[in-house]
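Novice: Before I ask anything, let me first share the structure, which is written out below as structure tokens.
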Amino acid sequence: MSKREKNKVSKKEKKELSDTKRVVLFTIVIIVVVSLIGFLSILVLKDKDENESTDTVKKNTHEILGYGITVDDLDSEYYKLEFEKLKTNLLSENINYDEYAESVAKLFLIDLYTIKTKINKYDIGGLEEVIPEARDNYVNNITDTIYKYVEDNTNGKRTQSLPVVSEVSVKNVKKSEYKIDSLNTKIPSYVFEFDISYSSDLGYDTKAEVTVVNRDNFMYVVEKN
1199 MSKREKNKVS KKEKKELSDT KRVVLFTIVI IVVVSLIGFL SILVLKDKDE NESTDTVKKN
1259 THEILGYGIT VDDLDSEYYK LEFEKLKTNL LSENINYDEY AESVAKLFLI DLYTIKTKIN
1319 KYDIGGLEEV IPEARDNYVN NITDTIYKYV EDNTNGKRTQ SLPVVSEVSV KNVKKSEYKI
1379 DSLNTKIPSY VFEFDISYSS DLGYDTKAEV TVVNRDNFMY VVEKN
């Protein structure tokens, strides 16, 4: 093979090598770009999911100090109105205890049956109004009955139809006495009969009897029928 032919072959090999390098480099660039796009997409989707999740987290919780009754962003407008009514009464110089008892009973029912605002079956409504020593039994009862089939809504994507209370009306009220076994004594009580209305009829209770006791000037729900 002549020197000229060798040079031609060498130039051809160099060109092929250069072309190969370009292809490899181009392929690497494509892989890097695709990987970067994929990574950024994951971050965007993750951020979106986190934002959706935050929609089902209770925020801006406010408490009536000393009474343990709260309101937050997830509560219904009807609940918030009754909460403000109770707050005004409790922060006044002369508390109206009859209205205090009625508000506690109403908040209990509104929160219990407005299940649409609950995050999951363990986010029990009405718990704050229940007398402390009965709360464990109350939670067990509600999670096994009314809330048993409530789907989780942590990601904000629940499509299940759930009730929202639109009105709780007092039909009758009588003052009585209620025996607290742990105290072995009877204390003043109110027995309320209510009609319950919903934004949509999903077959939930439309009537309820709620017993509220006055223990040391604090009102608690002790019984619901």
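Everything in the sequence shown is counted per the numbering used here, starting at 1199 for the first residue and increasing by one. We treat Cβ as the ideally placed atom computed from N, Cα and C, and that holds for glycine. All values derive from a computational prediction rather than experimental measurement.
Specify, as a first and last residue, the run of the beta strand (DSSP E) that Y1320 falls within.
Specialist: Counting along the chain, Y1320 falls outside any beta strand (DSSP E), and DSSP gives it neither H nor E.
Novice: In the DSSP assignment, find the beta strand (DSSP E) that holds N1370 and state where it starts and stops.
Specialist: Its beta strand (DSSP E) spans residues 1363-1378.
Novice: Please report how far the alpha carbon of T1341 lies from the alpha carbon of G1323, in whole angstroms.
Specialist: Distance between the alpha carbons of T1341 and G1323: 10 Å.
Novice: Do E1391 and I1412 count as a contact pair if the criterion is CB distance below 9 Å?
Specialist: Before going further, note that residue 1412 is Asn rather than Ile in the sequence given. Contact: no.
Novice: Would the region 1359-1366 count as touching the region 1297-1316 if we require 3 or more Cβ pairs under 8 Å?
Specialist: Verdict: yes, contact present.
Novice: Rounding to the nearest angstrom, what Cα-Cα distance links K1355 and E1349 in this structure?
Specialist: Straight-line Cα distance between these residues: approximately 10 Å.
Novice: Leaving out five residues before and five after I1293 in sequence, what residues of the same chain have Cβ atoms less than 7 Å from its Cβ?
Specialist: Here the set comprises N1287.
Novice: Under the rule that 16 or more other beta-carbon atoms within 10 Å means buried, what is N1335, buried or exposed?
Specialist: Exposed: under 16 other Cβ atoms inside 10 Å.
Novice: Residues in the same chain with beta-carbon distance under 8 Å from D1403, minus the five sequence neighbours each way, listed in chain order, please.
Specialist: The residues are Y1311, I1394.
Novice: For A1299, which residues of its own chain have a beta-carbon under 6 Å away from its beta-carbon, when the five flanking residues on both sides are left out?
Specialist: Y1388, V1410, M1417.
Novice: For S1290, which option in D1271, I1262, K1319 has the closest C-alpha, if you only look at C-alpha atoms?
Specialist: Among D1271, I1262, K1319, the Cα nearest to that of S1290 belongs to I1262.
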